[in-house]
Every structure is written in C-alpha cells, then in structure tokens.
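Here my numbering runs 2 ahead of the position in the sequence shown, where the first position is 1. Each residue gets a CB set at the ideal place from its N, CA and C atoms; glycine is no exception.
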Amino acid sequence: MTLQMTNAKKPQTRAPKIVINEEELAHIEALAEGAMLRNPALADRLLEELGRARIVKPNKMPGDVVSIGSTVTYRDEATGQNKTVTLVYPEHADIMHQRISLMTPIGVALLGLSEGAAFYWDTRDNQRRLLTIIAVAQPSDTKIGGAL
Numbered sequence: 003m004t005l006q007m008t009n010a011k012k013p014q015t016r017a018p019k020i021v022i023n024e025e026e027l028a029h030i031e032a033l034a035e036g037a038m039l040r041n042p043a044l045a046d047r048l049l050e051e052l053g054r055a056r057i058v059k060p061n062k063m064p065g066d067v068v069s070i071g072s073t074v075t076y077r078d079e080a081t082g083q084n085k086t087v088t089l090v091y092p093e094h095a096d097i098m099h100q101r102i103s104l105m106t107p108i109g110v111a112l113l114g115l116s117e118g119a120a121f122y123w124d125t126r127d128n129q130r131r132l133l134t135i136i137a138v139a140q141p142s143d144t145k146i147g148g149a150l
C-alpha cells in the first residue's frame, strides 16, 4: 500500500497529513504490535502512519477526520464510483454491513485522513488507485469503538 497526498489537480510525493485521537492510540498501537507476526507489512505500515500522525485530545479532534467509528465516503478517481464504509476495530468488522477493520490495507490508509484528502492506494491485485475522501461522519457515541 502506498499513500501519497494530492491536491485537487496533481499528485504530490508526500503522504497526506493525518490526525489520531489520543484515546485510541494505545489500542491501535497494541493491534499493530499484535499483527507483527501475522502480517508484518500491514503492522509496519500502521506503525509508520502512527509515527507521523498528529496526536490530539478527543475534544480537539476535527469532525472531518476519519477515526475509529467514523463513516467515510471516498471516491475511486479511476472509476468515479463512491463507496461508504465505517472504520472499526477488527472485532467489529462486518463487510456485509460495510464495516471495515482498521487492520486491513484500506483501513490503515483511511485512518486519520480528513475530507478532501486524496491518496494512492495499491490494491491486492497490484493496481494503483487514486482515492479521495468525500465525506466523514462521526458516530453519536464515540465510546462504542465502532460497534454500531
């Protein structure tokens, strides 16, 4: 998976800025560390993202940033298709209900991004896609950790 920031017109080489809720940080780090043996590439990528993230207190978390429990709509710029998913901890993942685990390549890619951010994502079949965050909605009860 490769992330790169873009503006509305042209891709750039830097990854988009990300913001993480400090209350979620310890749990996310524990998930990444636990995944080191099963999926080291994904775990490394998540830890890399956490390392470059701006960590904020829950009351300072912007409403337009993807966090655990957020429902996010993103557009695949190649196809023009929009997809709406909710980012959840692994134990709450349910693809039939569009609840995707943080511990997937797209989950790691979405975490911490804000509306308008665009990034390249390499699919499992090695296709590079440009995805743009269209909308982010927060759950009414942030304590649920993605259990909707």
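Quick check on this structure: which residue in T73, G65 and I22 has the alpha carbon closest to the alpha carbon of R54?
Here residue 54 is taken as the residue at index 52 of the sequence shown, counted from 1. Checking every option, the nearest Cα to that of R54 belongs to I22.
Out of curiosity, what's the CA-to-CA distance linking I97 and P42?
The residue given as residue 97 occupies position 95 in the sequence shown. The residue given as residue 42 occupies position 40 in the sequence shown. Using only the alpha carbons, I get a separation of about 23 Å.
What would DSSP say about N9, mapped onto helix, strand or coil?
Here residue 9 corresponds to residue number 7 of the sequence shown, with the count starting at 1. Below a pLDDT of 50, predicted positions are generally treated as unreliable, and N9, at 42, falls in that range; the measurement from the model is reported next regardless. Looking at N9 - three-state DSSP - the assignment turns out to be coil, as it is neither helix nor strand.
Could you work out which residue in V68, L49 and E31 is closest to L113 when comparing CA atoms only?
Counting from one through the sequence shown, the residue named residue 113 turns up at place 111. It is V68 whose Cα lies nearest to the Cα of L113.
Assign T88 to buried or exposed, taking buried as 16 or more other Cβ atoms, counted over all protein chains shown, within 10 Å of its Cβ.
Sequence index remark: in the sequence shown, residue 88 carries index 86 (1-based). Flag for T88 reads buried.
Measuring CA to CA, which of D127, E117, A119 and H99 is closest to P107?
Mapped onto the sequence shown, residue 107 falls at position 105. Cα-wise, what sits closest to P107 is D127.
Cβ of G71 within 8 Å of Cβ of V90?
The count along the sequence shown starts at 1 and reaches residue 71 at position 69. The count along the sequence shown starts at 1 and reaches residue 90 at position 88. In contact: G71 and V90 (Cβ atoms closer than 8 Å).
Please name the residue or residues paired with I135 in a DSSP beta bridge.
What you label residue 135 is simply residue 133 of the sequence shown in a count that begins at 1. Partner(s): Y76.
What's the call for M105, buried or exposed, on a 16-neighbour Cβ count within 10 Å?
The residue you call residue 105 lines up with position 103 of the sequence shown. Buried, by the Cβ-count rule.
In the DSSP assignment, what are the bridge partners of V87?
If you number the sequence shown from 1, residue 87 lands on position 85. Paired residue(s): V74.
Excluding sequence positions up to five away, which residues of its chain have a Cβ less than 8 Å from the Cβ of Q92?
As a position in the sequence shown, residue 92 is number 90, starting the count at 1. Note that residue 92 corresponds to Pro in the displayed sequence, not to Gln. Once the five neighbours on either side are set aside, the close Cβ partners of P92 are L33, S103, L104 and M105.
Where K19 falls: helix, strand or coil (DSSP)
If you number the sequence shown from 1, residue 19 lands on position 17. Reduced to three states, the DSSP call for K19 is coil.
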